[in-house]
Amino acid sequence: MQNLRFLNFFTLLQIITTRVKMQQIAVDLKAQGKSLGFVPTMGALHNGHLSLISRSIAENDVTVCSIFVNPTQFNDPADLDKYPRPIEADIEKLKSANCDYLFLPSVDEMYTKGETWHLELGYLETILEGAFRPGHYQGVTQIVKKLFDIVQPTRAYFGQKDYQQIMVILKMVEMFNIPVTIIRCPTVREEEGLAMSSRNVHLKEKEPQTALKLSEALAFIKSKTGKGSLPEVLKEAKDLINEAQIGLEYLVITDGATLKEISEWGQSAEPVALIAAKVGNTRLIDNMVLV
Ligand code: AMP
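So the number in this note's numbering is just where the residue sits in the sequence shown, counting from 1, plus 22.
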């Protein structure tokens with residue numbers, strides 16, 4: 023495996039823009055017995071994305087990254103409009119990362135007119151991101167199902183940064199019995215703690231500093247996990263957020279497997295704290311596993 027990677031070192035990144043071509047490549051690779059790692063993204067690549075790509079390269083014969091700013095998962099048209107799209111820089115990063123394929127389709131390539139989609143996601147869609155971004159997970163499952171059908175990955179890599187998203191994807195994989203292994207990868211952070219995100223480029227003036235409060239509040243909860251009263255710890259963490267110019271949407275401590283809120287430490291073997299907040303006009307999410 024190691025030697026093969028070395029031989030492949032000078033392989034150029036191939037950019038594929040049609041689903042027919044991408045699927046043909048995937049079918050041919052699978053017929054040759056190759057394992058295929060897949061990293062779906064919306065571009066504006068940062069080290070968080072690149073960590074998923076490195077992991078995929080280490081664990082698979084071939085790695086495909088997709089860049090597609092998926093309109094159906096945006097419930098705010100302004101958010102879709104201003105989503106960063108630095109495609110030239112992204113291509114350079116993928117080349118340096120030694121990624122094999124970039125799947126870069128247009129919106130028309132991925133969607134036909136009047137297309138509808140609904141998946142019964144149940145409880146997961148009524149809480150946290152599901153509640154604050156109605157329809158978001160319908161759009162996410164719609165596009166990821168299409169991408170999985172095209173790329174047919176052996177393994178697909180997702181960031182823990184989008185904790186609830188992974189749970190939704192796992193549910194979809196189970197519902198459709200899709201033969202793919204979902205790999206959850208740790209959140210990559212800036213040196214001071216801010217979770218890397220394509221949206222961080224929108225943070226202006228003092229906002230990057232203010233945004234640090236999110237990871238600080240999560241780290242505070244982690245440092246107090248198992249000690250004292252959980253509601254008290256949660257209140258102190260919320261106070262930390264509310265002292266800053268931050269529009270808190272939610273800060274909760276839940277069981278990591280169900281995302282149901284807990285009120286005592288003993289109620290979960292793997293608690294996780296999750297936060298969503300607006301810093302200026304930029305909506306950020308983050309989470310921390312507390313064990
Ligand atoms: P996005 O382009 O934001 O849709 O993200 C594409 C993938 O990268 C998703 O699986 C994200 O969870 C993952 N990702 C985004 N930010 C990070 C990060 N800071 N650390 C690790 N993975 C990340």
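Think of the CB as a built atom: it goes at the ideal place given N, C-alpha and C, for glycine as much as any other residue.
Rounded Cβ spacing between residue i and residue j (contact assumed at less than 8 Å)
i, j, result
"alanine 291", "alanine 259", "Contact flag wrong, Cβ pair sits at about 21 Å."
"threonine 247", "proline 127", "Contact doesn't hold; Cβ gap of about 43 Å is too wide."
"alanine 299", "isoleucine 263", "7 Å"
"glutamine 182", "arginine 206", "5 Å"
"methionine 197", "leucine 141", "7 Å"
"glutamate 186", "glutamate 151", "Glutamate is not the amino acid found at residue 186; the sequence shown has glutamine there. With 8 Å as the limit, glutamine 186 and glutamate 151 qualify as a contact, their Cβ atoms being about 5 Å apart."
"leucine 169", "serine 219", "Leucine 169 to serine 219, Cβ: 21 Å. No contact."
"leucine 216", "alanine 233", "5 Å"
"isoleucine 297", "leucine 236", "5 Å"
Proximal residues to residue i (C-beta, below 7 Å), its chain only, five neighbours per side dropped
i, result
"asparagine 82", "Ser57, Leu58, Gly59, Thr176, Arg177"
"arginine 41", "Pro127, Glu131, Ile172"
"isoleucine 204", "Ala178, Phe180, Ile188, Ile191, Leu192, Val195"
"isoleucine 149", "Leu281"
"leucine 72", "Lys115, Ala119"
"proline 93", "Leu102, Val129"
"isoleucine 75", "Val61, Thr85, Cys87, Ala119, Cys121"
"leucine 312", "Ile243, Lys244, Thr247, Pro293, Val294, Ala295"
Buried or exposed (CB count within 10 angstroms, at least 16 for buried), residue i
i, result
"leucine 34", "exposed"
"threonine 280", "exposed"
"histidine 158", "buried"
"arginine 155", "buried"
"asparagine 303", "exposed"
"asparagine 309", "buried"
"valine 223", "exposed"
"proline 99", "exposed"
"asparagine 199", "exposed"
"proline 201", "exposed"
"glutamine 46", "exposed"
"glutamine 164", "buried"
"lysine 226", "exposed"
"glutamate 265", "exposed"
Cβ neighbours of residue i in the same chain (closer than 6 Å, five flanking residues each side left out)
i, result
"glutamate 286", "Leu252"
"glutamine 36", "Tyr123"
"arginine 221", "Thr304"
"glutamate 229", "Val301, Gly302"
"glutamate 254", "none"
Own chain partners of residue i with C-beta closer than 8 Å, once the 5 adjacent residues on each side are dropped
i, result
"glutamine 24", "The predicted model places glutamine 24 with a pLDDT of 48, which falls under 50 and marks its position as unreliable, so this point remains unresolved."
"arginine 107", "Gly65, Ala66, Val91"
"alanine 111", "Leu67"
Heavy atom of the ligand FAD within 7 Å of residue i beta-carbon
i, result
"alanine 291", "Judged by which ligands are present, the ligand FAD is missing from the structure shown, whose ligands are the ligand AMP."
Heavy atoms of the ligand AMP versus C-beta positions, residues under 6 Å:
Every residue with a CB closer than 6 Å to a heavy atom of the ligand AMP is listed here in chain order: Thr63, Met64, Gly70, His71, Ser73, Leu74, Phe180, Gly181, Lys183, Asp184, Cys207, Thr209, Val210, Ala217, Met218, Ser219, Ser220.
Runs of 4 residues minimum, wholly inside the segment 218-287: which ones carry the alpha helix (DSSP H) assignment?
Listed in chain order, they are 229-246, 252-264.
3-residue-minimum beta strand (DSSP E) runs that sit fully inside the segment 77-142, ordered along the chain
84-89, 123-125
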